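Q:
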């Protein structure tokens with residue numbers, strides 16, 4: 387029902403700290419807020435997997451860190467797996483696994499033990 391859909395949407399917006407912005411138009415939101423709304427829409431129905439193409443690509447460093455904190459927390463708390471495509475090394479290093487592709491070929495596959503530390507497989 388539309389009441390259920392609204393409740394799901396508000397819960398998703400609350401998870402990305404944007405519940406109070408629910409009635410605003412996209413043009414009234416900052417780039418970081420718009421990105422968080424996109425993430426909320428992606429996980430509203432609790433998928434097992436979310437594909438994220440450059441989720442921090444157009445964001446400043448502070449907002450990028452905030453978005454990555456959100457993705458890491460959603461992974462840990464809700465068990466959602468994220469496949470993130472990025473050119474940003476610092477974003478990639480926040481993940482638990484790092485697969486590097488160059489010229490269409492996998493050139494490395496690392497399991498990252500914890501943020502900032504890696505271990506070659």
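Numbering (our numbering), first residue to last: 387 to 507. C-beta atoms are modelled at their ideal positions from N, C-alpha and C, and glycine is treated no differently. Note that this is a predicted model, so its numbers are computed, not measured.
1) What did DSSP end up calling residue 416 once you bin it into helix, strand or coil?
2) For residue 442, which residues does DSSP report across the bridge?
3) Output the boundary residues of the beta strand (DSSP E) element that contains residue 469.
4) Any idea what DSSP makes of residue 411, helix, strand or coil?
5) Distance check for residue 469 and residue 490, CA to CA, integer angstroms please.
A: Concretely, from the data shown:
1) Three-state result, residue 416: coil.
2) Residue 442 is not bridged to any residue.
3) 467-471
4) coil
5) In a straight line, the C-alpha of residue 490 is about 17 Å away from that of residue 469.
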